[in-house]
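See below for the structure under consideration.
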Amino acid sequence: MKLENLNPSVKAAAVMIGAILLSFSYLISLNLILFMLCLAGLLLFSDARPSRIGKILIPAFLAAFGLFMMGLLYAKGNSVTDAELTGISGVPYAVRAAMSQNLRTALQLSTRLLAFAGLGIFFALSTNGEDFIFSLMHQCRLSPKFAYSILAAYNLMPHMMREYQQVRTAFAVRGIPAGPLSMKPLFTMLVNSIRWSSSVAMSMESKGFSGKRNRTFYRIPSVKWYDIVFFAVLIVGILAGMVFLKI
């Protein structure tokens, strides 16, 4: 079974509750195991490309490395080793920090960030945006007015990027200087985006997307038995790890 077949609302609830549980845990092994399981699930049971997963993980690894170094060098260790090694001037501070309680703190910070990143990537790369909005309407009672507004904004994003590139090209043809950080193309793109959003809003009103009456839907997502199994396995697995894992 593909992860894309899971109900998006149930999947989102499981990921959010799992992340909240992780925030109360200091287990390095649990963070690493969950991170590896999320990656394995994406590679084996989803249509996500490994190259895309790798590109998204690059900033996550960089952020985790930054947290690791911050915790290693600047955290306040509370072990006896800190006091003992402070007077050894010949040992670099980085080595002394690594030999102290700071190493555990650094690993806790960095692996927790990787676990959060794994859960986020797991949800983002295995969930269709439109299916998620439809699920919010039917399982979470989100108003159709807000749901279709979110869909409209989501579908406008590619047009905004294309408009930005066209504006930059037009500026270059006319000889108007516009550097990478110039606000001129961005301002023009935002003006056109406001005009598009106004047209979309009027179109939605004319088509009856006001949320004041019941509507028919061509696709109604539902919660299946395997959605409940996925939710239970993820939450119970994290709770079991918090109870039985020691490191």
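For the sequence shown, the working numbering begins at 1231 and goes up steadily by one.
The beta carbon of each residue, even a glycine, is placed where N, CA and C say it ideally should be.
Note to self: Mapping the DSSP letters down to three states, classify residue 1405 as helix, strand or coil.
What the structure shows: On the sequence shown, residue 1405 is found 175 positions in, with the first residue counted as 1. If DSSP states are grouped into helix, strand and coil, residue 1405 belongs with coil.
Check: Does DSSP put residue 1361 in a helix, a strand or coil?
Finding: Here the question's residue 1361 lines up with position 131 in the sequence shown. In this structure, residue 1361 counts as helix in the three-state DSSP scheme.
Item checked: Rounded Cβ spacing between residue 1461 and residue 1243 (contact assumed at less than 8 Å) -> Taking the sequence shown and counting its residues from 1, one reaches residue 1461 at position 231. Taking the sequence shown and counting its residues from 1, one reaches residue 1243 at position 13. Right, the Cβ-Cβ distance comes to about 7 Å (below 8 Å), so this counts as a contact.
Next item on the list: Using the Cα positions of residue 1277 and residue 1425, report the straight-line distance between them to the nearest angstrom.
Entry: For this step, residue 1277 is matched to residue 47 along the sequence shown. For this step, residue 1425 is matched to residue 195 along the sequence shown. Answer to the nearest angstrom: the Cα atoms are 36 Å apart.
Check: Roughly how many whole angstroms lie between the Cα atoms of residue 1342 and residue 1436?
Finding: As a first step, residue 1342 must be located in the sequence shown, where it is residue number 112. As a first step, residue 1436 must be located in the sequence shown, where it is residue number 206. Rounded to whole angstroms, residue 1342 to residue 1436 spans 48 Å at the Cα level.
Notebook entry, point to check: Skipping 5 residues on each side, what residues in its chain have a beta carbon closer than 8 Å to that of residue 1463?
Noted result: In the sequence shown, residue 1463 corresponds to position 233, counting from 1. If you ignore the 5 residues before and after residue 1463, its C-beta comes within less than 8 Å of no other C-beta in its own chain.
Notebook entry, point to check: Alpha carbon to alpha carbon, how far is residue 1467 from residue 1262?
Noted result: Taking the sequence shown and counting its residues from 1, the one referred to as residue 1467 is at position 237. Taking the sequence shown and counting its residues from 1, the one referred to as residue 1262 is at position 32. Near 13 Å, if we compare the C-alpha coordinates of residue 1262 and residue 1467.
Notebook entry, point to check: Cα separation between residue 1346 and residue 1340?
Noted result: Against the sequence shown, residue 1346 aligns to sequence position 116. Against the sequence shown, residue 1340 aligns to sequence position 110. Each residue's Cα considered, the two are about 10 Å apart.
Next item on the list: Reducing DSSP to helix, strand and coil, say where residue 1348 ends up.
Entry: Numbered from its first residue, the sequence shown carries residue 1348 at position 118. In this structure, residue 1348 counts as helix in the three-state DSSP scheme.
Notebook entry, point to check: Touching or not, the stretch 1399-1419 and the stretch 1377-1388, by the rule of three or more beta carbon pairs under 8 Å?
Noted result: no
Margin query: Helix, strand or coil for residue 1451? Go by DSSP, reduced to three states.
Written below: Indexing the sequence shown from 1 puts residue 1451 at position 221. Residue state, collapsed to three classes: coil.
Checklist line | Cβ-heavy atom distance, residue 1277 to the ligand ZN, below 7 Å | finding: What this structure holds is no ligand at all, so the ligand ZN is not there to describe.
Notebook entry, point to check: Looking only at its own chain, which residues have a Cβ that is under 6 Å from the Cβ of residue 1372, when we skip the five neighbours before and after it?
Noted result: For the purposes of this step, residue 1372 is taken as the residue at position 142 of the sequence shown. Around residue 1372: 1366.
Margin query: Please report the distance separating the alpha-carbon of residue 1359 from that of residue 1284.
Written below: Along the sequence shown, read from residue 1 onward, the residue named residue 1359 stands at position 129. Along the sequence shown, read from residue 1 onward, the residue named residue 1284 stands at position 54. Taking the straight line joining both Cα atoms gives about 21 Å.
Item checked: Spatial neighbours of residue 1293 in its chain, beta-carbon cut-off 7 Å, leaving aside the 5 residues before and after -> Taking the sequence shown and counting its residues from 1, one reaches residue 1293 at position 63. Correct list, in chain order: 1343.
Notebook entry, point to check: Going straight from the alpha carbon of residue 1298 to that of residue 1256, what length do you get?
Noted result: The count along the sequence shown starts at 1 and reaches residue 1298 at position 68. The count along the sequence shown starts at 1 and reaches residue 1256 at position 26. Roughly 14 Å between the two C-alpha positions.
Check: Can you list, in chain order, the residues of its chain whose CB lies under 6 Å from that of residue 1381, leaving out five sequence neighbours each side?
Finding: Your numbering for residue 1381 matches position 151 in the sequence shown. Around residue 1381: 1363.
Item checked: C-beta contact flag for residue 1397 and residue 1413 at 8 Å -> Position 167 of the sequence shown, counted from the first residue, corresponds to residue 1397. Position 183 of the sequence shown, counted from the first residue, corresponds to residue 1413. Against a cut-off of 8 Å, the Cβ pair of residue 1413 and residue 1397 comes out as no contact.
Next item on the list: Take the Cβ of residue 1429 as the centre, count every other Cβ of all protein chains shown within 10 Å, and call the residue buried at 16 or more, exposed below.
Entry: Position 199 of the sequence shown, counted from the start, is the residue given in the question as residue 1429. Its Cβ having fewer than 16 others within 10 Å, residue 1429 is exposed.
Check: Straight-line CA distance for residue 1260 to residue 1474?
Finding: On the sequence shown, position 30 is the one that residue 1260 refers to. On the sequence shown, position 244 is the one that residue 1474 refers to. If you take the alpha carbons of residue 1260 and residue 1474, they lie about 10 Å apart.
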